[in-house]
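The C-terminal position of the sequence shown is numbered 313 in numbering that gives the first Met the number 0, with every residue numbered one higher than the one before it. Structure, as structure tokens:
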Amino acid sequence: MKYTHIAVGNFNIDIVLYTEKIPHTGTTVIARELQIRPGGAALNYSVTVAQYGHIAYLVARVSTHEIVRGVFEEVKQCGVKLDYVRFTEGSPGVVLIIVDESGERTMIKHPGVNEQLGPSDVSSDLLREAHIVHLASVKPEIAMGVSEFASREGVLVSLDPGGYIAEWGVERFLKTLRDIHILYINEQDLCTHLRSVSLNKIFRYGLSILVVKRGKKGAVVLTQGSCYSGYAEPVKRPVDTTGAGDAFDALFNAKYLESKDLGLSLVHGLAAGALKTGFRGSFMLWNPKLYALQLERVVVERSSCNEVLLCTEK
């Protein structure tokens, strides 16, 4: 059976500079390499899902600017279904990314026509085909509208708020969880924006699965009745962490649809995220042999929820 994903979010032009270090204010550094490539959390997710073998629809706005044409074709070649991407007059979404020698990245974003995306861009006809809708770094208004719509249609919804977590406010965020099945959140964002909220309260609002991503330390999956933690040792030296979180979300969702096994889903999410860091690009081109090797470098264990410590670093 082929599962169908709908990814809702941004279609960006990523302008990437690879440097030895991130420049300080008022200084100049030389970039060793320049890339102009497609990006955006929803786009990265879609490519990973499509290359894994599931069906991926991207719902996004894209500029009519000439610079977009080449990258649009590149995404199409990756197998992503672009029927619901709407061309819109205005400047393209652009992200300037600086990647240092360790592979860590710093970003400056210009949303462009991504700002014109709305809940109505997701059609009821498309939802009827879907097994899951993934909301990737979208504004609260979009996440709330689409999640309520999808939930009414009986479709699973996952949310990774990304940088927009700061725009929610605690109460509005919690109320939205009634329509969210899987929430992906970075530990830093959890501890900054939801520290005052107990995990029990988060689940009382209706969330089924909480996935806390911890960067190099791996990730934790929590439900009301079970907890899993794990980490991955990359098989390739990290050169670009851009899109690693999106790859994680994509393979976690894909394996969850196939198996409903949280431990196995975490294994695949960690493997995808770790493997992505070994490639320059906003998403990686699928390599089954390397992925199989990466799976062998993942450790996941079921643990007592009382032993899972979050927000402990000062």
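By construction, the Cβ of each residue, glycine as well, lies at the ideal position given by its N, Cα and C atoms. Please read all numbers here as calculations on a predicted model, not as lab measurements.
Contact annotation: residue 139 and residue 170 have beta-carbon atoms that are not nearer than 8 Å. Residue 37 carries a strand assignment under DSSP once its states are collapsed to helix, strand and coil. Less than 8 Å divides the Cβ of residue 265 from the Cβ of residue 227. Taking C-beta atoms as the reference points, residue 133 and residue 248 count as a pair closer than 8 Å. Residue 280 holds the alpha-carbon nearest to the alpha-carbon of residue 98 among 123, 280, 309. Apart from the 5 residues on each side of it in sequence, residue 128 sits with its Cβ closer than 7 Å to the Cβ of 3 in its chain, given in chain order. Collapsing the DSSP output to three states places residue 265 in a helix. Residue 198 has its alpha-carbon roughly 29 Å from the corresponding atom of residue 43.
Put simply, of 229, 239, 240 the residue whose alpha carbon is nearest the alpha carbon of residue 251 is 229.
Counting along the chain, the unbroken alpha helix (DSSP H) around residue 67 starts and ends at 67 to 76. Of the candidates 218, 310, 106, 292, the residue whose Cα lies closest to the Cα of residue 268 is 218. Counting of Cβ neighbours within 10 angstroms places residue 278 among the buried residues, the total reaching 16 or more.
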